[in-house]
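First residue of the sequence shown: 2, per my numbering; consecutive thereafter.
For glycine and all other residues, C-beta sits at the position ideal for the given N, C-alpha and C.
Since this is a predicted model, take the numbers as computed values, not measurements.
These notes are about the structure you will find just below.
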Amino acid sequence: MNLKPLTINGKEVKFPIIQGGMGIRISLNKLAKACMNSGIVATISAAQVGFLRKNFKKDTTGTNKEELINEITKSRKENPDGILGVNLMHAMNDYGEYATFLAQQDIDFIVSGAGLPLDLPEYLKGTKVKGAFIISSARACRILLKSWDRRYSYMPEFVVCEGPLAGGHLGFSKEDFENGNVTSLEDIITSVKEVVAVYEEKYGIKIPIIAAGGVHDGHDMANMIKIGADGVQIATRFIATDECDASEEYKQMIIESKEENIVRVDSPAGLPGRAIRNFLTKTLEKHNIKVSYCVNCLKTCKKVGIPYCITEQLGNSSNGDKNGLIFTGAKAYLIDKMDTVENIVKEIIRDCRKDLQLVGG
Ligand SMILES: Cc1cc2nc3c(=O)[nH]c(=O)nc-3n(C[C@H](O)[C@H](O)[C@H](O)COP(=O)(O)O)c2cc1C
2 MNLKPLTING KEVKFPIIQG GMGIRISLNK LAKACMNSGI VATISAAQVG
52 FLRKNFKKDT TGTNKEELIN EITKSRKENP DGILGVNLMH AMNDYGEYAT
102 FLAQQDIDFI VSGAGLPLDL PEYLKGTKVK GAFIISSARA CRILLKSWDR
152 RYSYMPEFVV CEGPLAGGHL GFSKEDFENG NVTSLEDIIT SVKEVVAVYE
202 EKYGIKIPII AAGGVHDGHD MANMIKIGAD GVQIATRFIA TDECDASEEY
252 KQMIIESKEE NIVRVDSPAG LPGRAIRNFL TKTLEKHNIK VSYCVNCLKT
302 CKKVGIPYCI TEQLGNSSNG DKNGLIFTGA KAYLIDKMDT VENIVKEIIR
352 DCRKDLQLVG G
């Protein structure tokens, strides 16, 4: 059993860890720089990065694009050779416009979940940027690979398997959770590996499988490697760090969270999300929250009769409002102090190597 480096877009990182994209304004250039400096892959979340800008409501897409350029430029300044990607949710309105724009930037990959990015390779044609996707079932993986193969003869740079313990929007319906119909991350990886193997053989390539959702420490990581993952994607663990772009209030909420206060909430995106129970989620247990404005953010939002506005509430929390929507993964309650990205990466790799009985540095 070995811990192999991860290769993406011809570049190699020392440790097979991808820092997961976190919106709104949680994973931007500061976290990206720290991750690349610590030998792991960094991901900026494209979700409403322009939220704090004056012009955001008037020209949402234009403002977001300007802010994305700022974030990418700042990330790249220190780390021209690090592996840097952008998470672009397929559920975003103007997905094609954002993807085409991002494919022209100095990044290594665009990774898309929250829907099936059947059209992603279209926007990458003739560019240096690679495409990858996030799925929560072997079925979704099969549909995407079949479609990318037939329409574009294109394969993903890596595949992220996201299990039910992840943060942000979850890849399972409310009914799936209520009926106990959610597949464990372990089972998703095993079944996705079989689907991917067919295309690896056809194209004569290796497509790394990345495990995400509830990977908190080195033991979790080792378990994923043992069942055949090539790496892990970690998000929540990096929030309470000096370098994370989240507000200090958000970080404190993560540190103070208890297991019983981490809940699932309905989202206007149509999928459940996971969040810390606070004034907002308690209010939602009783009634919907008035929407103040609409920037037409998600294709999947019905706009009328929705519980709350996802951009407004995630944006508010990113700006320090403890009563906004505080997205988190299921294991946030294990975090009890601020730390640095470097310390966390070192600790995870040390414990993972111990579990895998690897010797040496
Ligand atoms: C605060 C927060 C925001 C997130 N935002 C996004 C997002 O905008 N797009 C996305 O595809 N995934 C998003 N995720 C999911 C992460 O990228 C990641 O795959 C997942 O949370 C991994 O599980 P972990 O948090 O237990 O490590 C978010 C997760 C968190 C915790």
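{"Check": "Proximity test, Ser46 beta-carbon vs ligand 1 heavy atom, cut-off 6 Å", "Outcome": "yes"}
{"Check": "Short Cβ contact (7 Å threshold) for Ala43 with Ala33", "Outcome": "yes"}
{"Check": "Gln20: CB within 6 Å of a non-hydrogen atom of ligand 1", "Outcome": "no"}
{"Check": "Secondary structure of Pro273, DSSP reduced to three states", "Outcome": "strand"}
{"Check": "Limits of the unbroken beta strand (DSSP E) element including Val87", "Outcome": "Leu85 to Asn88"}
{"Check": "Rounded C-alpha distance that separates Ala100 from Pro273", "Outcome": "25 Å"}
{"Check": "Given 8 Å, three or more beta-carbon pairs between the region 317-333 and the region 190-210", "Outcome": "no"}
{"Check": "Touch test, the region 23-38 against the region 80-88, Cβ-Cβ under 8 Å, three pairs minimum", "Outcome": "yes"}
{"Check": "Beta-carbon contacts of Lys303 that lie in its chain and below 6 Å, excluding the five residues immediately before and after", "Outcome": "none"}
{"Check": "Arg238 versus Tyr155: straight-line alpha-carbon distance, rounded", "Outcome": "33 Å"}
{"Check": "Cβ-based neighbour list, Thr301, same chain, cut-off 6 Å, excluding 5 preceding and 5 following", "Outcome": "Ala92, Ala270 and Gly271"}
{"Check": "Backbone CA spacing between Ile256 and Phe57 [nearest angstrom]", "Outcome": "30 Å"}
{"Check": "Test item: CB-CB of Val292 and Thr312 under 7 Å", "Outcome": "no"}
{"Check": "Nearest-angstrom Cβ-Cβ length linking Thr74 and Gln105, presumed shorter than 8 Å", "Outcome": "About 13 Å; that fails the 8 Å criterion."}
{"Check": "Met90 versus Lys338 - alpha carbon distance", "Outcome": "30 Å"}
{"Check": "Cβ pair count under 8 Å reaching 3, the region 174-182 against the region 205-222", "Outcome": "no"}
{"Check": "Under the three-state DSSP convention, the category Gly362 falls into", "Outcome": "Because the pLDDT of Gly362 is 45, which lies under 50, any placement of that residue in the model is unreliable, and the question is left without a value."}
{"Check": "Which of helix, strand or coil DSSP assigns to Glu286", "Outcome": "coil"}
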